[in-house]
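Chains as they are written, first to last, in this note's numbering: chain P, 1 to 114; chain U, 1 to 112.
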Amino acid sequence: DARVTQTPRHKVTEMGQEVTMRCQPILGHNTVFWYRQTMMQGLELLAYFRNRAPLDDSGMPKDRFSAEMPDATLATLKIQPSEPRDSAVYFCAGNAGGPLDEQYFGPGTRLTVT
Amino acid sequence: SQQGEEDPQALSIQEGENATMNCSYKTSINNLQWYRQNSGRGLVHLILIRSNEREKHSGRLRVTLDTSKKSSSLLITASRAADTASYFCATARDTGRRALTFGSGTRLQVQP
């Protein structure tokens with residue numbers, strides 16, 4: 001049963017701390033997306049990669065956020081330093097096609113920054 | 001701003017009834033997709049309809065697309081308590097940023 005996995009599932013941290021979220025996409029899914037979901041803004045695309053190369057990070061605050069794909073089985077999203085307004089659920093998704101095709105989502109990381 | 005807006009924001013029905021959710025969007029699209037999200041979970045893809053299609057079925061789901069009105073509807077027939085979830089439409093534009101834009105969702109409650 002192929003699934004997208006995300007770790008950690010929950011993270012509580014203090015303002016100013018570094019946060020790293022990890023995602024393992026489904027094997028063969030070479031397009032990987034990072035989304036953020038909040039009550040106020042809904043689901044927003046932060047960035048996506050294709051074949052590990054960043055193609056679009058226009059939705060990501062560049063000063064504190066960074067996204068990488070060290071290898072085909074791992075995508076990371078880092079926030080440094082974290083702020084209370086970063087509190088949200090962060091989802092990773094992937095597919096074998098491209099950004100306009102159906103996407104397979106992970107369970108999310110719920111981040112709370114106090 | 002949101003590309004897709006769902007209507008209604010919330011819907012409560014009895015088990016066995018049909019549920020209809022609508023999505024309106026602003027710009028021309030390549031395709032439109034519907035996703036379901038159970039509480040505390042990730043989104044699950046339900047159905048994709050392309051801009052040259054008018055209707056699509058998948059099990060108890062029926063999706064229509066009217067590109068002249070820039071709107072789509074999702075019909076769930078014979079609803080079950082397990083259908084309780086939030087439903088989102090996502091539009092894939094045919095120009096501009098190559099990405100899905102999600103609406104704000106419809107929260108569906110199916111009473112047993």
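Heads up, the beta-carbon is just placed ideally off N, CA and C, and yes, glycines get one too.
Run through the DSSP bridge pairs and tell me what residue i is partnered with.
i	result
P:E44	P:R36
U:L43	U:Q37
P:M21	P:L77
U:H57	U:R62
U:E6	U:C23
P:L100	According to DSSP, which records beta bridges pairwise, P:L100 is partnered with nothing at all.
U:S72	U:C23, U:L65
Can you give me the C-alpha to C-alpha distance between residue i and residue j, rounded to a whole angstrom?
i	j	result
U:E55	U:L65	6 Å
P:S58	U:P8	30 Å
U:S72	U:Y35	13 Å
P:N51	P:L27	12 Å
P:L46	P:A93	11 Å
P:P107	U:K70	31 Å
P:W34	P:F91	6 Å
U:R62	U:S12	19 Å
P:Q37	U:S68	30 Å
U:E53	U:T106	23 Å
P:K62	U:R97	18 Å
U:A90	U:L43	11 Å
U:K26	P:P70	37 Å
P:Q17	P:T76	16 Å
U:L82	P:D56	The amino acid occupying residue 82 of chain U in the given sequence is Ala; Leu does not appear at that position. The straight-line gap from Cα to Cα measures roughly 36 Å.
U:L108	U:S24	18 Å
P:C23	P:M39	23 Å
U:L79	U:I29	Just to set this straight, residue 79 of chain U is Ser in the shown sequence, not Leu. So the alpha carbons of these two residues sit roughly 29 Å apart.
P:F105	P:A72	16 Å
U:S51	U:A85	26 Å
U:E5	P:R64	30 Å
U:G16	U:F102	28 Å
Which stretch, first to last residue, makes up the beta strand (DSSP E) that contains residue i?
i	result
P:D56	53 to 56
U:D66	61 to 66
P:V4	No beta strand (DSSP E) holds P:V4; DSSP gives it neither H nor E.
U:S51	Premise fails: U:S51 is in no beta strand (DSSP E) and is neither H nor E.
P:S66	65 to 71
P:N95	88 to 95
U:A85	85 to 93
P:T112	109 to 113
Residues in the same chain with beta-carbon distance under 7 Å from residue i, minus the five sequence neighbours each way, listed in chain order, please.
i	result
P:V113	T13, M15, S82, E83, P84, D86, S87
U:Q14	Q111
P:V43	Sequence check: residue 43 of chain P is Leu here, not Val. Y35, Q37, listed in sequence order.
Taking 6 Å as the limit between beta carbons, can you name the residues of its chain near residue i, skipping five residues before and five after?
i	result
U:T77	N18, R60
U:S58	I47
P:P25	V4, V32, G94
U:I49	L32, K56, V63, L65
P:M60	L46, A47
U:L100	A90, A92
P:D101	N95
P:V89	Q37, G108, R110
U:S1	With a pLDDT of only 41 at U:S1, under 50, the local geometry of the prediction cannot be trusted, and no value is derived from it.
Using a Cβ-Cβ cut-off of 8 Å (strictly less than) and excluding sequence neighbours within five positions of residue i, which residues of its own chain qualify?
i	result
P:K11	V19, M21, T109, R110, L111, T112
Using 7 Å as the cut-off, classify the Cβ of residue i as near or not near the heavy atoms of the ligand NAP, replying yes or no.
i	result
P:K11	Absent from the structure shown: the ligand NAP. Ligands present: none.
Residues in the segment 18 to 44 of chain U with C-beta within 9 Å of chain P's C-beta atoms, listed in sequence order?
-> N30, N31, Q33, Y35, Q37, G40, R41, G42, L43, V44
Members of the segment 44 to 73 of chain U that neighbour chain P once the beta carbon cut-off is set at 8 Å | V44, H45, L48
Going along the segment 87 to 103 of chain P in order, which residues come within less than 7 Å of chain U, judged by CB to CB distance?
-> F91, P99, L100, E102, Q103
If you measure beta-carbon to beta-carbon, which residues of the segment 95 to 112 of chain U are closer than 9 Å to chain P?
-> R97, R98, A99, L100, T101, F102, G103, S104, G105
Chain U contacts from the segment 18 to 30 of chain P (Cβ-Cβ distance under 9 Å) | none
Determine which residues of the segment 42 to 68 of chain P have a Cβ less than 9 Å from any Cβ of chain U, and write them out in chain order.
-> G42, L43, E44, L45, Y48, L55, D56, S58, G59
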